[in-house]
Every structure is written in C-alpha cells, then in structure tokens.
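So the mapping is simple: my numbering equals the position in the first sequence, first residue as 1, plus 15.
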Amino acid sequence: MQLLSTPKPDRQVREKHALNEQQHQAATYGQVEAGKGVQSGPLLIIAGAGTGKTNTLAHRAAHLILNGTSPDRVLLMTFSRRAAQELAERTRRIVAAKLKERGEEECAAADLSWIGTFHSVANRLLRSQAKSIGLDPDFTIMDRGDAADMLDLLRHKLGYSRTEKRFPHKGTCVDIYSRVVNAQADLADVLQQDFPWCADWETELKSLFRAYVEEKQKQLCLDYDDLLLYWFHLAGEPAIANRIRETFDHILVDEYQDTNVLQAGILTRLFPDGRGLTVVGDDAQSIYSFRSANVENILGFPQLFSPPAQVIPLSKNYRSTQPILDLSNALLKEASTGYKNQLFSDKAGKQKPWLVTVEDQESQSKYIIEKILAAREEGVTLKRQAVLFRSSHHSSDLEINLRRHNIPYVKHGGLKFLDAAHVKDALSILRWADNPRHRLSGFRILKLLPGVGPAIAEKILDFLELNHFDPASLTNFKSRITAEKPWPALIKLLADVHHNRIPWQEQMKAVNFWYRDILEEHYDNHLVRNGDVEQLAMIALQYPSRERFLSELTLDPPNKTGDHGNDSRKDDDYLILSTVHSAKGQEWRNVYILNVVDGNFPNEYATNNDAALEEERRLLNVAITRAQRELHLMQPLRFWIPEQQRYGGKHVYGAKSRFLTKALCTALEEIPYPDTRLTEQDIAKGEEVLADIKGKVLGMWE
DNA sequence: CACCCAAACTTTTTT
DNA sequence: AGTTTGGGTG
C-alpha cells in the first residue's frame, strides 16, 4: 500500500495565455469603487470542460485583491483540497506578477486564507464560533465508516438486530441519514424515492437516527453532514450570520454543479441578495448526485435573485482537439436539460475518437497495453495517458496485465488508506486519547485487547465516564482481564497523549509502539500492515498539531493506491488509472475509457430513472472531455456484471450503450480489435489457399 | 461473554 | 468473491 501525492497536472502552458473575452468578462465582473473594492451582483460562470475555469477563477480572486479587497475577506470554496491549493497558488502568482508590473513591493498579505472545501471551512468556522453557540470546540470529526459503526452499535442497543426481517445494512443506514440531511428532505420521501426496499423500516429508522444524533452530541463528535448542518443553522441565526457575513466581502464557489441543497442554503443565508457571490460550474459535469448534489442548484441559480444573476459562459476549450469536442457536444445535445454550452477549440485535429469493439475484457486490456506502449515509443510518457472507468473494480483485469508487462501505474479512486482496519485502529487510539468522550474509538480499541468483547468494553467506557473521562482513572478498573500487560501500558499511553506529556511529534510513534503487538496478534501479514501504520506516523509529522492532523485527515483522506508491483514512486513515469469521478478536473493527452456498454455507461442501476440516466450521460461526458489528443472508447462484446444475490455474477453479451446513438457514431471511428477487417492482400492470399485446398480435395480421387 | 463458523447479502461514485 | 451478520459453542 502506498500513499501518493497527487501529481500536478501540467498546466504551465495555459497560464501564459492572456484571458479571452469571456474569461476576462467573468474575472472582472462588477464595478471597482474607490475604497470599497469590487462591488458585484451575483454571478454564475458556466465553465465547460477545459475552458480555463481555474485560471479564470484565480484571476477573479486576484482582481478582487488587486482592487482593494483584503485577501482574508474573500471566502473561496472548492470541491477538494487539491483544487484549493492549486487555486491559492495561482492567485498568489497572478497577484505577485501584477504587483511587480506596477512596480509595487510584493505584499505578504496576498495569500487567500479562507480557502478550502465546504467541509473544511465549516470545520474552521465552527471551531472558532463554537463558544458562541455553546459547542465544545474540541469536537472530533467522524468519517463515513465511523458513522456506520456508531449506527451499528445503536441498532443493536435498540434491538433492531433481532427482528424477523433483516434491518437495512449499516452502510445503507448512513446513506439514508446523509441523504435526509443533505437534501433537507423528509425521511419518508427519501425512503420512497431512493431506498424503496427500506420503506417498511421508517419508524425504526427514525428512532435510530434520533439516537444517533443524541449519541454524537454525547460523544462530542460531528459527522460530515453535521459540519454543513451546523453551519447552515449557524447562518440561520441572525446575530451570528451577520457576524460571519461582515467578515467576508466576496464568496467564490467552484464546482457549483456538485453542491447540495444544504450548501446552497448556506450561501443564500450568508449573502441573501447575492451581492458578492460568484459561483462557477458546469451543469454538464454534475456527477455527484449520490452525495446529494443537486444540478438544480446551478440551473436555478440566476432566478434565486432579482434581478437575476449574471450568467457568463466560457466555451472556448483549450484542452482537446475539435473532433473530441464534437463528440462531447453531440452527447450533450441529447441531454434533456442543461445550459448545453457547446464547446469549440483551435486545435483542429483530424482523428475522430475511436470506438473500439473487442471480444471481452481480456482483449480490451490487450488493446490498451498495445496502444499505451506504442504511444510511449513515440515519446508520449505514461503519465500523459490515463485509463478511466465507471467503477473501481473494472480495472482489475487491466491491472493484472499491467503488472505482467511491468508497466507501473497509480490508481485513483476506490479504496482509501483510512479504510484499512489496522490504520483505523491506530488512528482510533490517537482519537480516543484526544477526546476520551469518543466512545466509538474507545470501543474499537478495547475490543482489541485479549479477552475483551463488547460487554466488557462497555463496562470500561461507563467506568471512564463516571470518572469524568480521566484516562488515568482506568487504573482503578478492576477485572481479571485488565491484569494483562497491554492494559497498564494503554492507560499510560492514553494519559500521556491526552495531557501532552509527550510532544505531539512523538505521539503517533508512541501509539504505534503500543499497537505493534496487538497488530501482530490480530492480523496476518502484519509486516505490510505495520508499514502502513508507520507511514501514518510519517504523515502525522507533517501536521502542526494533533487536532489539525485528526480533523484534516478525516476531511481529506489520502488515497490508497493499488499495489503496483514494485515501488513505482521511484519510477518517475507511471500510467494513471482512475474512476471517472476521481478524474474530475484532470486532463491527459491520451485517454482510454473502459466498458462503454449498456449496463455500465449507463450503469444498470440508473436505467429506470430519468434523472439518474442524465447523470450517467454527464459522467460519460466528463470522461470524454479529459482527453487532449487521443480518445479510445472501449466496447467489449462480452461484459461481466457482478450481480447481487446471484452466484458470482454473469457474463452479458453487451448491448451497445444507449448513449452511442447514430449521431454520436458519426463523431466516432468504429474499429474492431483484433483487426479482423480484410485487406486486399488477405483476400488474394485467401484465394490462393482455397485453390490449394480444392486441388488437395480433388487429389484424393486421383 | 468471547470467539468461531456458516449463512446471508451485495451498486457505483466520495467530502 | 468478499464482507457482514447472527447463531451456536465453549
């Protein structure tokens, strides 16, 4: 297992471009008023794929700063931390360059300080404003897995595990809860709409969620949804909302097409008339509805205000050749809703994207490897090529073959480093020491001790609570089990970390030292797992404090890469494999899209729902628009679907993807692989062979 | 009460 | 094919 720092896309070239007309208009929208900075009404920038959105946004931020808005009065929200860093960096560079032009001294204050994801900004705001709403600022942030675990425990406590019919899976429970919160919808509606098979459990779910909320408050923790929800409610309190509002002159939001009702609500509560609000996005790239993102947010944005928001489209694409854009445009034309921002490019290009028909996944892999190696021969590095897919496991056949050919690769999306049980264990120790009220972590750790199961763990946690959550008090807990040696060492560790008796830089190491024996006892291949845990300690060193480490790690979990044979970080060049979702915002010279067949594009679970179907179309669009020069859509005839409740799964003789209509096919060049088309030579040779056979057959009777 | 084993279940994408 | 759940055993 390896962590990677995501490679920065190669965008140096574009920055040299001056802004085009549309970009300039978007970047400078509003009036400059002396002493007051830039005054602007609500603005929506529809930024198609590859239209220089980040650059425009950075220029807008720079424009605000250069015209007198203090950088710490600009709130900039992005979809991921990586995007935030890139944007901050570019803005700084633009401001610095302009100041130099003007001959002014570079001012250190050019740094945007309020920049990050909605969740991380919420985290920061809540911790600073916590006192004013009676919230303890030392709350712990739970990730999705934690939420699932807590729901699981509560569900047992409430007796829902012993019912005749099976209660929904814990993961499903989190999904339902999360949907209700993020979409600000009714439980009954959500069940009916998205989880019909759970509709019978409405009453139970309601009390489960109530218990969940109480439990979170008791343990002093917030989940992802709470971060937004608390912020939303905070923004609904006039006094506090005013205070927050007065600290910002401008709010800029990136990837607005992937915000949900709650996030939109936060914005309108902070800036009700839309003045100072800029949102940027592309409805044709809205692909996060499973996370309750709501395309209606961007489609309906202008009408939220009167007069309506200014809409500026960016339609000049700097990324792809025209034939690739033709395909994307054709696809979007068939969508039922949206701004349908048609893109154009200066890069003519002759080659249409290929639609490659292959027999099965094996020959799909074979084709891709052949093409990738050929391209590398011609000087296109592996890093400038990417293979994209709808779901994480679709790359498994390819991965096997890449390893066989010794082609290094890095996979984005899918499993997370923090999902590994042993990493969770180590982190839980630190979290429990950090926040002893956090029963969930304590519970997890205690169960690791030999002879301690759920019941004893509960007893210990109750004991701790009675003793005002003082870790040292655990020495007084008497039981035959706690005489074992890991126990006193654990208590000392918890107390030392909790009271910072050892410096933060040493704490994770101390945790690992204690955990090492447990790890060995509990899991096989503990050497590999121990490596992960040590890596965690290395990561921890990069953070200035325990609090920052714990919350930022939860808000921005590092990726786990597929193990790619050898240490591929030593190889400078490696191929990128990525889910389409994780490919957002990126670009590569050559792109290969796996399994473009019905049942996958669109996904079979989306086929009886119009809204979902539209999203699948946009998903394909995102994949297509990642390509700069070469694009290969792969179409296996035989396609394996891992179907539920059925033994193994099944092979399906793939129907052509319903998105590949006639109109689309004219934008594609269809080829079979292996190439079974006959050349004239083949035919001539065939005739020769036939004549030969005829002769032999006749010869039998001579 | 902890641990083990067999049956049941299962979409996919992620802050 | 792999994880989670729930029941049985020691």
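The C-beta atom is built at its ideal place from N, Cα and C for all residues, glycine as well.
Close-in-space but distant-in-sequence residues of the same chain around residue i (CB under 6 Å, 5 per side omitted)
i    : result
I281 : W246, F247, A250
F182 : Y175
A487 : A510
Q522 : V512
R142 : P152
N482 : S488
D158 : T569
A99  : T93, I130, G131
Delimiting residues of the alpha helix (DSSP H) encompassing residue i
i    : result
K233 : 217–233
A279 : 276–285
A203 : 202–209
I387 : 376–392
Y607 : Unbroken run through Y607 is the beta strand (DSSP E), 603–608; no alpha helix (DSSP H).
G714 : 695–714
I148 : Run containing I148: none; DSSP gives neither H nor E here.
S193 : 185–197
Nearest-angstrom Cβ-Cβ length linking residue i and residue j, presumed shorter than 8 Å
i    : j    : result
E645 : T372 : In fact, because the Cβ distance is near 17 Å, the residues do not count as touching under 8 Å.
K426 : L551 : Actually they do not touch by this definition, with Cβ atoms about 20 Å apart.
A638 : W603 : Wrong, their Cβ atoms sit about 11 Å apart, outside the cutoff.
D402 : Y589 : The identity of residue 402 in the sequence shown is Val, whereas the question assumes Asp. Rounded, the Cβ-Cβ distance is 12 Å, inconsistent with contact.
I109 : A73  : 6 Å
L314 : H453 : About 41 Å separates the two Cβ atoms, so there is no contact after all.
K367 : A682 : 6 Å
S566 : I156 : 5 Å
Sequence-distant residues of its chain with Cβ nearer than 8 Å to residue i (five each side left out)
i    : result
L388 : H420, I422
I721 : Outside the shown range of the chain (16 to 717) lies residue 721, about which nothing can therefore be said.
K355 : A299, L347, K348
I259 : L140, Q144, L249, A250, L285
P572 : D158, K431, F432, L433
Q207 : A214
Boundaries of the beta strand (DSSP E) in which residue i is found, first to last residue
i    : result
H537 : Where H537 is concerned, there is no enclosing beta strand (DSSP E), although the alpha helix (DSSP H) it sits in stretches over 519–537.
K439 : Unbroken run through K439 is the alpha helix (DSSP H), 436–449; no beta strand (DSSP E).
V47  : 46–48
T676 : Unbroken run through T676: none, as it is neither H nor E.
T293 : 292–296
V612 : It is not in any beta strand (DSSP E) - V612 carries neither H nor E in the DSSP assignment.
V268 : 265–268
L463 : First-last for L463: undefined, no H or E at that position.
Where residue i sits in the DSSP three-state scheme
i    : result
W502 : helix
Q366 : coil
W129 : strand
R584 : Below a pLDDT of 50, predicted positions are generally treated as unreliable, and R584, at 49, falls in that range; no measurement from the model is reported.
D238 : strand
F154 : coil
H427 : strand
S321 : coil
A103 : helix
A2   : Outside the modelled stretch of the chain, which goes from 16 to 717, sits residue 2, for which no answer is possible.
I764 : The chain is shown from 16 up to 717; residue 764 falls before or after that span and cannot be answered.
M649 : strand
F404 : strand
R399 : helix
A308 : strand
P687 : strand
F564 : helix
R544 : helix
R644 : strand
G52  : strand
K355 : coil
Cutoff 7 Å; reference residue i; Cβ partners in own chain excluding five residues on either side
i    : result
H541 : L534, E535
S360 : N332, S335, T336, Q337, L340
R391 : L397
V326 : L59, I61, P317
L202 : V195, E217, L220, K221
L79  : G52, V53, V89, H265
K68  : A62, V295, L329
A76  : V89, L91, T106, L127, L267
P465 : E499
For this session: Assess, as a yes-or-no matter, whether the stretch 434–448 is touched by the stretch 616–633 under the definition of 3 or more beta carbon pairs within less than 8 Å.
Result: Cβ pair count under 8 Å is below three, so no.
Exercise. Quick one: any contact between the stretch 262–272 and the stretch 81–90, if contact means 3 or more CB pairs under 8 Å?
Worked result: yes
Exercise. Does the stretch 51–59 come within contact of the stretch 229–239, defined as at least 3 CB pairs closer than 8 Å?
Worked result: no
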